[in-house]
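Residue numbers (the working numbering), protein chains in the order written: chain A, 122 to 361; chain B, 18 to 315. Don't be surprised by glycine CBs; every beta carbon is placed ideally from N, CA and C.
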Amino acid sequence: MLWLEDVHVHRGGTHALRGIDLEARRGEIVAMIGANGAGKSTTLAAISGLLRCRHGRISFAPEKERIDITGMRAEKIVVAGISHCPEGRQIFGNLSVRENLMIGAFLRSDRQEIRKDLRAVHDLFPILLDRAAIPGNRLSGGEQMMLAIGRALMSRPKLLLLDEPSLGLAPRLVEQIFDILQRIRNEGTTVLLVEQNAAMALDLADRAYVLETGRIAFSGAGKVLARDSQVQRAYLGVGV
Amino acid sequence: MTGGYILEQVANGIILGSMYALIAIGFSLIYGIVRLINFAHGDIVTIGAFAMLASVAAIGAPFPVSILIVLAVGAGVGVLIERVAFRPMRGAPQVTGFIASLAVAIIIENVGIMTLSAQPRSFIVPAYLSAFIRLGSLQVRAIDLAIVLLAILLMIALAAFVRFTKVGMAMRATAENYQVARLMGINIDRMIMLAFAIGSALAAVAGLMWGSKYSQISPLMGLIPGLKAFVAAVIGGVGSISGAMLGGYVLGLAEVLFVGLLPPEYSGYRNVFVFSTLIVILLVMPNGLLGRSTDERA
Numbered sequence: 122m123l124w125l126e127d128v129h130v131h132r133g134g135t136h137a138l139r140g141i142d143l144e145a146r147r148g149e150i151v152a153m154i155g156a157n158g159a160g161k162s163t164t165l166a167a168i169s170g171l172l173r174c175r176h177g178r179i180s181f182a183p184e185k186e187r188i189d190i191t192g193m194r195a196e197k198i199v200v201a202g203i204s205h206c207p208e209g210r211q212i213f214g215n216l217s218v219r220e221n222l223m224i225g226a227f228l229r230s231d232r233q234e235i236r237k238d239l240r241a242v243h244d245l246f247p248i249l250l251d252r253a254a255i256p257g258n259r260l261s262g263g264e265q266m267m268l269a270i271g272r273a274l275m276s277r278p279k280l281l282l283l284d285e286p287s288l289g290l291a292p293r294l295v296e297q298i299f300d301i302l303q304r305i306r307n308e309g310t311t312v313l314l315v316e317q318n319a320a321m322a323l324d325l326a327d328r329a330y331v332l333e334t335g336r337i338a339f340s341g342a343g344k345v346l347a348r349d350s351q352v353q354r355a356y357l358g359v360g361v
Numbered sequence: 018m019t020g021g022y023i024l025e026q027v028a029n030g031i032i033l034g035s036m037y038a039l040i041a042i043g044f045s046l047i048y049g050i051v052r053l054i055n056f057a058h059g060d061i062v063t064i065g066a067f068a069m070l071a072s073v074a075a076i077g078a079p080f081p082v083s084i085l086i087v088l089a090v091g092a093g094v095g096v097l098i099e100r101v102a103f104r105p106m107r108g109a110p111q112v113t114g115f116i117a118s119l120a121v122a123i124i125i126e127n128v129g130i131m132t133l134s135a136q137p138r139s140f141i142v143p144a145y146l147s148a149f150i151r152l153g154s155l156q157v158r159a160i161d162l163a164i165v166l167l168a169i170l171l172m173i174a175l176a177a178f179v180r181f182t183k184v185g186m187a188m189r190a191t192a193e194n195y196q197v198a199r200l201m202g203i204n205i206d207r208m209i210m211l212a213f214a215i216g217s218a219l220a221a222v223a224g225l226m227w228g229s230k231y232s233q234i235s236p237l238m239g240l241i242p243g244l245k246a247f248v249a250a251v252i253g254g255v256g257s258i259s260g261a262m263l264g265g266y267v268l269g270l271a272e273v274l275f276v277g278l279l280p281p282e283y284s285g286y287r288n289v290f291v292f293s294t295l296i297v298i299l300l301v302m303p304n305g306l307l308g309r310s311t312d313e314r315a
């Protein structure tokens, strides 16, 4: 449902993406792994319209029809059905937990359905209901991550872009978040996941891409990549 | 120095503070959303006062109707300035926007002097607003009371809008993190436009109040109130709306009480007191009374 073709992005004077080809199919969890600065977050920012492509094409098919979203304004891309949960959670600390969730549904006006989705998010993360009235910056790191994911789901996306959900979280929490990702996928949302924690990401993902300095170095089924000796040496810390 | 005299000074401080607060809100609102200190903001005060004069002179609008006209003119001019002067500079370093705002200020002031002459004009309020009203032991003019009540009404309306509406929530989100606000589907250009519209509408009404209170207006009348309202916004913590309100009243009261309570030979140092208040508060609380430290953004 998402295609990147030869995407080039310049960021702060550097040629950050040098021809990315990537695909996410409906119902998949696709992982992007790679070292810091390889271009993973930049790829997500290019998809969600925060950064402009210098060259190449990004297209998206929320339903059957495929639309070109290259150079589209960020808010139009949200309407099209892509929700980007940014790195470092970036919840609105001065807004209450409930407001954070409601702002995720900013472009929607179907009150009934919004309320339904709010209940669904509370089902996934019951703690967010208990904390509804307190400001976002008083949540713990794990709760903030849940809030960020919940907020991203409130736009009812067809495709969820998720940047480093494991960052700074205890292993038990990371496992919980990854379980939730599977639930989100099973409920029909395609997930494109950027992760430092390569082992867990490859284990979860149907398919994965390995980025190196703005290019795709390897790609394939998650389980296959996890056994690849080169990937193991470089990203999984095996056989060093 | 009697209790009645002090009470009178406090009342004057609150009247002045109401006007500072209304202007200061615009500084904070605009800074909160775009991180721009708009030095043309004081000139909106002037434009508001002249819009009032024009609406009364040209179409004979009754006072309450001309308040609405002034609000609309202020909002319109604010949006226009943003569109013409600041939007093309979006993404440029912060200092560029700052200089652009000085340019806008100089242009407005000089066009004003060329077309309207620098000569102050008298500004007459209807008789029912010049009448005196007795509040307990205090005697105030109806216009003074109207200024305070209108200012409070507008501030309550703004606070409710920002706190309880969806668009107000989007403004708060944008002020906090505009990149992530974009990811929520919020149109940043529209939020910026709205901040200019609201901030400028309030400044224009403050111009109307200023003219009504001091009975004369001129193309440069907005300079000093604009500068002092900027001080008020900084005292309150730039970017914080409630801070701007508080800062306006703190400054208004400080100014009037300094002048009123010190021996008369010091009254010429009025502005020294105002700016000393700023320096002292910033020394003690660098982010202002209600401010948080914020990131830079052009």
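- Query: Do you know offhand how far D60 (chain B)'s Cα is from A122 (chain B)'s?
  - Reply: 6 Å
- Query: Since R189 (chain B) meets chain A, which of its residues come closer than 7 Å, beta carbon to beta carbon?
  - Reply: N215, L216
- Message: Using the three-state DSSP reduction, which class does A168 (chain B) fall into: helix, strand or coil?
- Response: helix
- Query: What runs of the alpha helix (DSSP H), each 4 residues or longer, lie entirely inside the region 150 to 225 of chain A?
  - Reply: 161 to 168, 195 to 201, 218 to 225
- Message: Would D238 (chain A) and L274 (chain A) qualify as a contact pair, given that the criterion is a beta-carbon distance under 8 Å?
- Response: yes
- L123 (chain A) versus G265 (chain B): straight-line alpha-carbon distance, rounded: 52 Å
- Task: Please classify L125 (chain A): does DSSP put it in a helix, a strand, or coil?
- Result: strand
- Query: CB-CB under 7 Å to A261 (chain B), same chain, minus the five flanking residues each way: which ones, in chain order?
  - Reply: A38, A41, I42, F44, S45, A249, A250, G253
- Task: Indicate the three-state DSSP secondary structure (helix, strand or coil) for P286 (chain A) in the structure shown.
- Result: coil
- Buried or exposed: which applies to L171 (chain B), given that a residue is buried once 16 or more other Cβ atoms fall within 10 Å of its Cβ? buried
- Would you please verify whether the beta carbon of N304 (chain B) is less than 8 Å from any beta carbon of chain A? no
- Item | Identity of the residue in B:M302, B:V273, B:P303, B:V301 nearest V289 (chain B) by Cα | B:V273
- If we count the other Cβ atoms within 10 Å of its Cβ and call it buried at 16 or more, is G202 (chain B) buried or exposed? buried
- Query: Taking the alpha-carbon positions, what's the C206 (chain A) to I215 (chain B) distance?
  - Reply: 31 Å
- Item | Per DSSP, the bridge partner or partners of P143 (chain B) | P143 (chain B) pairs with nothing; no bridge assigned.
- Message: I'd like to know whether the C-beta of V113 (chain A) is nearer than 8 Å to at least one C-beta of chain B.
- Response: Any property of residue 113 (chain A) remains undetermined from this structure, which presents chain A solely from 122 to 361.
- Short CB-CB distance (under 8 Å) between P278 (chain A) and chain B: no
- Message: I'd like the list of long-range same chain contacts for Q265 (chain A), defined as Cβ closer than 6 Å, with 5 residues on each side in sequence excluded.
- Response: R210, I212
- Query: Comparing the C-beta of L200 (chain B) with each C-beta of chain A, is any distance below 8 Å?
  - Reply: yes
- Give the range of the beta strand (DSSP E) segment to which T135 (chain A) is assigned. 135 to 145
- Message: Less than 8 Å between CB atoms is the rule here; does N29 (chain B) satisfy it with respect to chain A?
- Response: no
- Taking only beta carbons into account, state which residues of the region 248 to 267 of chain B come closer than 7 Å to chain A, listed in chain order. none
- Task: Can you give me, in chain order, the residues of the region 146 to 158 of chain A that have a beta carbon less than 7 Å from any beta carbon in chain B?
- Result: none
- Task: Measure from the alpha carbon of A223 (chain B) to the alpha carbon of each residue in B:M208, B:G185, B:I241, B:F103, then state which is nearest.
- Result: B:I241
- Query: Which runs of the alpha helix (DSSP H) spanning at least 4 residues fall entirely within the region 257 to 321 of chain A, listed in chain order?
  - Reply: 262 to 274, 292 to 307
- Message: Here's the rule I'm using: 16 or more other beta-carbon atoms within 10 Å means buried, otherwise exposed. How should N258 (chain A) be labelled?
- Response: exposed
- Rounded to a whole number of angstroms, what is the C-alpha to C-alpha distance between G153 (chain B) and E25 (chain B)? 12 Å
- Quick one: list the residues of chain A neighbouring V197 (chain B), beta-carbon separation under 7 Å, in chain order. P207, Q211
- Return yes when the Cβ of L268 (chain B) is within less than 8 Å of the Cβ of V291 (chain B), no when it is not. yes
- In angstroms, rounded to a whole number, what distance separates the CA positions of M223 (chain A) and G309 (chain A)? 21 Å
- Message: I'd like to know whether the C-beta of I42 (chain B) is nearer than 8 Å to at least one C-beta of chain A.
- Response: no
- Task: Using a Cβ-Cβ cut-off of less than 8 Å, give me the residues of the region 216 to 249 of chain A that come near chain B, in sequence order.
- Result: L216, E220, M223, I224, G225, F227, L228
- Beta-carbon proximity of T163 (chain A) to A145 (chain A), cut-off 8 Å: no
- Going by DSSP, what residues sit across from S340 (chain A) in a beta bridge? A:Y330
- Of the residues B:A144, B:V94, B:P105, B:A102, the one placed nearest S232 (chain B), counting alpha carbons only: B:A144
- Query: In chain order, what residues of the same chain lie with their CB nearer than 6 Å to the CB of A192 (chain B), ignoring the 5 residues before and after it?
  - Reply: G49, I50
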